[in-house]
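Chemist: Chains as they are written, first to last, in the numbering used here: chain D, 21 to 192; chain V, -17 to 294; chain X, 10 to 797.
The C-beta atom is built at its ideal place from N, Cα and C for all residues, glycine as well.
Computed from a prediction, not measured in an experiment: that's the story for all the values here.
The structure follows.
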Amino acid sequence: MATHQISVTVNGEAHAAEVESRTLLVHLIRDELRLTGTHIGCDTTHCGACTVLLGGKPTKSCTVLAIQADGCEIGTVEGLAGADGMHPLQEGFWEKHGLQCGFCTPGMLMTGAALLAENPNPSEGEIREAISGNLCRCTGYVNIVKAVRYAADKMGAAAAETANAATDGEDN
Amino acid sequence: MIPPQFDYHAPGGLDEALGLLGELDDAKVMSGGQSLLPMMKLRLAGPANLVDIGRIPGLDTIKERDGCLRIGANVTEAQLEESAVVAERYPILLDTARVIADPLVRNRATVCGNLAHGDPANDHPATMLALRAHVIATGPGGERTIDIDDFFHGLFMTALGEDEILTELHIPVPSPGSGGAYVKLERKVGDYAVAGAAVQLTLDKDGKVTKAGVGLTNLSFSPIRASAAEETLLGADFVPAGGLRGAIERVRDAITRASGADDIIAAAAQAAADVTEPVADRRGSVEYKRNMARVLTARAIRTALERAVAGG
Amino acid sequence: MTPKTSADICGMGHSMKRKEDPRFLQGKGNYIDDIVLPGMLWLDIVRSPIAYGKIKGIDSSKALEVPGVLAVLTGKDLEAYNLHWMPTLMSDTQMVLPTDTVMYQAQEVAAVIATSRYAAADGVAAVEVDYEPMKPVIDPFKALEEDAPVLRSDKDGQTDNRIWHWEAGDKAATDKVFEEADVVVRERMHVPRIHVASIETCGCVADFNPVEGHLTVYMTTQAPHAIRTVLALVAGHVGLSEEKIRVVSPDIGGGFGGKVPVYPGYVVAIAASVVLGKPVKWIEDRMENLQADSFARDYHMAAELAADADGKIRGLRIKTLADHGYSDAQAAPSKFPAGLFSICTGSYDMEQAYAEVDAVYTNKPPGGVAYRCSFRVTEAVHCMERVVDTLAHRIGKDPAELREENFIPKEAFPYQSPLGWEYDSGDYQAAMDKAKEMIGYDDLRREQAEKRARSELMGIGVCSFTEVLGAGPSKDFDILGIKMFDSAEVRVHPTGKAIARFGTKSQGQGHETTYAQIIAEELGLPAAHVQVEEGDTDTAPYGLGTYASRSTPTAGAAGAMAARQIRDKASKIAAHLMEVSEEDLEWEPGKFSVKGAPDRSVTIQDCAFAAYTNLPEGMEPGLEATNYYDPPNLTFPFGTYICVVDIDRGTGEVTVRRFVAVDDCGNIINPMIVQGQIHGGLTQGIGPALFEEIPYDEDGNNLAGSFMDYLVPTSMETPAWETGHTITPSPHHPLGAKGVGESATVGAPPAIANAVVDALAHLGVTHLDIPITPDKVWDILNEKGVAE
């Protein structure tokens, strides 16, 4: 059985690993790198509990071979919070009760993060569409939508502040 | 759910990939892997070798050239959704991409893979039939062009040889006055189609249909071209005397007011339903699916007409 | 409701952010598959492809050649230890692994133990089993026919496929009401087999220490204490006595009733760990979860309603056939084989009712668990709420109006129902009024009339349900003989912080927050300073677990009672500290002060410190209490749900345009969490109403055994729920609370079904079975000649 040496950068940290051809990315992340925030909920690429960012795009890591990620940047929920605390999305989910059992939450967060990176001001419809590949059995989605909106507002306000500060700087 | 063992190969170029296909026993080509990997996890597929063409450069572009929209083997559904040229001139492709699986799957699933998989439940085959696309297959002897009508050979079977790779799709650039639509009935996001209908129409300056393409999803063991429906539409005059210009709402009203328009649409939709050979399953009875072919075809025709008139 | 405590204390009525969330939000939850122990092995299961047949042989030789595979366990191996059978929570029996016969598709047949997840899967693929298929019994009605084969011939005295017959009410008196009634309406309906499909599947890590003879089982269980006792009963004869068993329920990714039963996988993993002396992990995949774990519902009901000509309901009669599959493996209280189905008279006052249920065996997976429901309440409510609508349409009365005319009036509480329940409290008209106002009921009826004139199909569905929760009072409620109390142990530390442990187990309901708020309410300690723990049988007090919306009614009450015991002791300490008599003290949250001298006070924290440092003479040190709460009655939450649906005449698709849910769960502990529970319950209501079902073909093949066909609603199918509430406190619960987790799952399906029927009623349609799929609707549209 052939194995392969691969290297991946996860949440900014480089890792080398030896994997079988068939090793699924989600198992590399969970079982080898022990980043267990990424979950497994189905076998058929439906639930999205395993969603990670692969090259910046939200991806179901149960349906990608680890070796396909060789040389790639991977983002997981463990990398979402920064040095200065939780990501606005994490804050939004907490404030708006966007989680209950928490099992789908990491996947939802990664999908939400990718959405906001592409579309900083999504409508309810756009949010619902973006998270339609992530199943949640607890929340009924309403508060997840609110949580993403909370983050959009907060990040929007922060961006506006930064822009204002920059303009002020020019004026001076 | 763990796939059986296999060996993985990631050629850096097309020649290397073709060489591997020639050398290796029981090799399967993979790009996005969103259909193949689930089947392997369920152990419904177990190739000894996987040739991942995902790292071959140059296969990930969408561009119009020499009268064709060319979609490379590694172009994802998400790329289609984001493409300006697709949004402008190929709304039927946008319709199709947006109803495939879910947004996350579409970040990896490829358009060409959707065809090469040979699954009649996939959505692009019907659209490509309606668009009269050509499939470019590259093998040890070079490229060959396969007419879309010759491509599908039955359940999970296509015209591709074991030593060939589907490298590109060619879609003729639509002439002015063209419009298309794909309408899919699914039970929920992420479901395969109960039924789907793709319609691409071209109208001349007088509003007569000069080109018609109608393809159907998941209504037989292969994707279906509804030729009789196309013939019914050809030559039909949907635009009332005096022509049409103006707001889309007025266009929509006018199309349905045009003398006999409803009858022609109904006849074409019925002709589409008549060629289906659906199988009863959890998504519905044979009768239901036939009727959905009819209903969805009619809806796709109406949207295609609106877009043709609005665009042309 | 204005909170009695400040935001700093965060007692009842505050929407406190959940204390458990930071770990979930940062990927630091500890779910079963996150647990890895040194030397841990993997277990994977070989399952039967057929529904019924003899096992002629199991050949493990090729599997044992797979690198990493250590052992293959079969029923014969377990038989050597007499571990091949186990009891269900309903005192039925089921196989752990079969020795000669398989009884349902996906039944566990053998277990492969290997050094990795991947090797175990390869081992499963390599085990060869030779079956001799037999003709299965799939249709529960055919199971009762005389020539049907007796499926459970292993059971002494079992001569047919009937498991039990249950009835409630006065049959003769009810029959008489029906004979005299002006109007009788009838509906036959099937509430089909569905599955909870929590996003986390089931699994365990069994860790037997051969030196100590001690077993620790980390498992996805909603009832760790009861499971420990069951394990001791099953495996006591091989040396696993109860003090040597520790069950730990880690973070659980959704339970909804599906994580109450003991599945064979758990038992095999434990057996493997005992035999091999190493930790063994078993995690089922989604297909195993959907194909083999306990189902819910599967009630075939024939309901009749008797009424006067003007619509006054007089009587209800229901005959039910319950398909339990291969074994009665539901998790209902022992004396309630049909659960709390006798709540079926619902929110309406009537003279008589009679309900009967026959349970049968078929060749399907065993079960009968309550999918987010208090033991068959969903089936009962669905039946009643559907047939009430049939009556309304028959006599030409608005369904809301008919309900209002038949509601049990609020003055009638406590109300004795004809089937024996004493409803503790209710104000049904208030919930109805609020729901109608929120949705704009009269305007919708006008819109519907206009649309109908244009041949557009729009329906308005109403459901006014009554739940029965909080099992339950020990005189009636037990599981395997263990009374259904629940418990809390509260310990206040010297610095005024506390730890509180409970016999329940959250699976997302937010117990770490709501329980802390209950303690905060009663003691005035900030909820932020109350650490809540559940799920470890070595540390938490014994309780029956979390299901059937029982946590707040039982363990929540226990928490309040324990806190009150602590407050009583603190009061004595406060009197000692201020050198006054206890009678001279006044309590406000967090503080004792002297009557008439409000500036003389001590805080609860002062009392806590004194409990360890400065006690009145003769008082036992420390400040803690344990309470086992045996509720005096059940609680009866209720609500009115109204929804609007539009039907696509071309495809038969039903779109829920709006859905208003007004709930009354008594006093509310955390409004944010309660609303979240309603949102989730509604979504698990629209699921069964429109999408979810596990059907079988005549060979016993599961036709929805993966998420490809078991349709869990996404954000796109789920409407933006609108919620409201009224408050009618429970008179007997210490906090006036009633429980809320499942109301919406119970109330939503009939509201949606009623809306669809309402849209089609003018065509003569009176009923559609759930799930109401587009093809079912289209068949009717086609038959009635209105399809596009």
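Can you tell me which of the three DSSP states Trp173 (chain X) falls into?
Modeler: Three-state DSSP puts Trp173 (chain X) in a strand.
Chemist: For Tyr61 (chain X), which residues in the same chain have their Cβ closer than 6 Å to its Cβ, ignoring the five residues on either side in sequence?
Modeler: Setting aside the 5 residues that flank it on each side, Tyr61 (chain X) is surrounded in the same chain by Met143, Pro145, Asn372, each with a C-beta closer than 6 Å to its C-beta; the list follows chain order.
Chemist: Could you say which of V:Ala210, V:Asn200, V:Asp186 lies nearest to Val219 (chain V) if we only look at CA atoms?
Modeler: Per the sequence presented here, residue 219 (chain V) reads as Asp, with Val not at that position. Closest option to Asp219 (chain V), Cα to Cα, is V:Asp186.
Chemist: Cβ closer than 8 Å: which chain X residues qualify as neighbours of Ile(-16) (chain V)?
Modeler: Arg126, Tyr127, Ala130, Asp131
Chemist: Using DSSP with H/G/I as helix, E/B as strand and the rest coil, what is His152 (chain V)?
Modeler: strand
Chemist: Using CA atoms only, rank isn't needed, just tell me which of X:Pro780, X:Asn91, X:Pro535, X:Thr329 is closest to Glu701 (chain X).
Modeler: The residue from X:Pro780, X:Asn91, X:Pro535, X:Thr329 with its alpha-carbon nearest to that of Glu701 (chain X) is X:Pro780.
Chemist: Indicate the three-state DSSP secondary structure (helix, strand or coil) for Met359 (chain X) in the structure shown.
Modeler: coil
Chemist: Can you check which of these residues, X:Gln339, X:Val766, X:Ala634, X:Thr732, is closest to Phe304 (chain X) by C-alpha distance?
Modeler: X:Gln339
Chemist: Could you name the residues that DSSP lists as bridge partners for Glu178 (chain X)?
Modeler: A small correction: the amino acid at residue 178 (chain X) is Gly; Glu does not occupy that position in the sequence shown. Answer is X:Tyr363, bridged to Gly178 (chain X).
Chemist: Under three-state DSSP, which class holds Leu790 (chain X)?
Modeler: helix
Chemist: Is the distance from the Cβ of Pro408 (chain X) to the Cβ of Val471 (chain X) below 8 Å?
Modeler: yes
Chemist: Between the Cα of Gly36 (chain V) and those of V:Asn96, V:Arg289, V:Arg90, spot the shortest distance and give me the residue it belongs to.
Modeler: V:Arg90
Chemist: Against chain D, which members of the region -9 to 10 of chain V pass a CB distance test of less than 7 Å?
Modeler: none
Chemist: With distances taken Cα to Cα, identify the nearest neighbour of Val397 (chain X) among X:Ala362, X:Leu691, X:Ile322.
Modeler: X:Ile322
Chemist: Beta-carbon within less than 6 Å of Glu521 (chain X)'s beta-carbon, same chain only, minus the 5 sequence neighbours each way: which residues are those?
Modeler: Lys28, Glu29, Val541
Chemist: Name, in chain order, the residues that DSSP records as bridge partners for Ser602 (chain X).
Modeler: Note: Ser602 (chain X) sits in a beta bridge opposite X:Glu595, X:Ser610.
Chemist: At which residues does the beta strand (DSSP E) containing Tyr524 (chain X) begin and terminate?
Modeler: It is not in any beta strand (DSSP E) - Tyr524 (chain X) instead sits in the alpha helix (DSSP H) that spans 520 to 532.
Chemist: Is any non-hydrogen atom of the ligand ATP found closer than 7 Å to the C-beta of Glu365 (chain X), if you look at the structure I gave you?
Modeler: In the structure on display, the ligand ATP does not appear, and there are no ligands present to speak of.
Chemist: Measure the Cβ-Cβ separation of Ala275 (chain V) and Gly197 (chain V) and say whether it is below 8 Å.
Modeler: no
Chemist: With His116 (chain V) as the anchor, note down where its beta strand (DSSP E) starts and where it stops.
Modeler: 116 to 121
Chemist: Between Ala480 (chain X) and Arg559 (chain X), is the Cβ-Cβ spacing less than 8 Å?
Modeler: yes
Chemist: Flag this pair as yes or no: are the beta carbons of Tyr363 (chain X) and Arg395 (chain X) separated by less than 8 Å?
Modeler: no
Chemist: Do Pro562 (chain X) and Lys747 (chain X) have their CB atoms nearer than 8 Å?
Modeler: yes
Chemist: Could one say the Cβ of Ser41 (chain D) lies closer than 8 Å to chain V's Cβ atoms, at least one of them?
Modeler: Any Cβ of chain V closer than 8 Å to the Cβ of Ser41 (chain D) would place that residue at the interface, and such an atom is present.
Chemist: Output yes or no for whether 8 Å exceeds the beta carbon distance between Pro482 (chain X) and Asn679 (chain X).
Modeler: no
Chemist: Report yes if the CB atom of Gln457 (chain X) is closer than 8 Å to the CB atom of Ile448 (chain X), and no otherwise.
Modeler: no
Chemist: I want to see whether chain A comes within less than 8 Å of Lys23 (chain V), judged by CB atoms only; does it?
Modeler: Among the protein chains of the structure shown, namely D, V and X, there is no chain A.
Chemist: For His24 (chain D), does the three-state DSSP call read helix, strand or coil?
Modeler: strand
Chemist: From this set, X:Ile687, X:Lys71, X:Phe474, which residue's C-alpha is nearest Phe645 (chain X)'s C-alpha?
Modeler: X:Phe474
Chemist: Could you name the residues that DSSP lists as bridge partners for Glu93 (chain D)?
Modeler: D:Thr29
Chemist: What residues from chain V crowd round Glu10 (chain D), counting only those whose CB sits closer than 8 Å?
Modeler: The structure shown has nothing for residue 10 (chain D), since chain D only spans 21 to 192.
Chemist: From Gly121 (chain V) to Gly143 (chain V), what distance separates their C-alpha atoms?
Modeler: 8 Å
Chemist: Do three or more CB pairs link the region 751 to 758 of chain X to the region 646 to 655 of chain X at distances below 8 Å?
Modeler: yes
Chemist: Assuming Pro20 (chain V) contacts Thr71 (chain D) (C-beta within less than 8 Å), just tell me the rounded distance between them.
Modeler: Rounded to the nearest angstrom, the Cβ distance from Pro20 (chain V) to Thr71 (chain D) is 16 Å, too far for a contact under 8 Å.
Chemist: Tell me whether the beta-carbon of Ala134 (chain X) lies closer than 8 Å to the beta-carbon of Leu52 (chain X).
Modeler: no
Chemist: So, is Glu548 (chain X) buried or exposed, given that buried needs 16 or more other C-beta atoms within 10 angstroms?
Modeler: Checking the sequence shown, residue 548 (chain X) turns out to be Thr, not Glu. Counting Cβ neighbours within 10 Å, Thr548 (chain X) comes out exposed, since fewer than 16 surround it.
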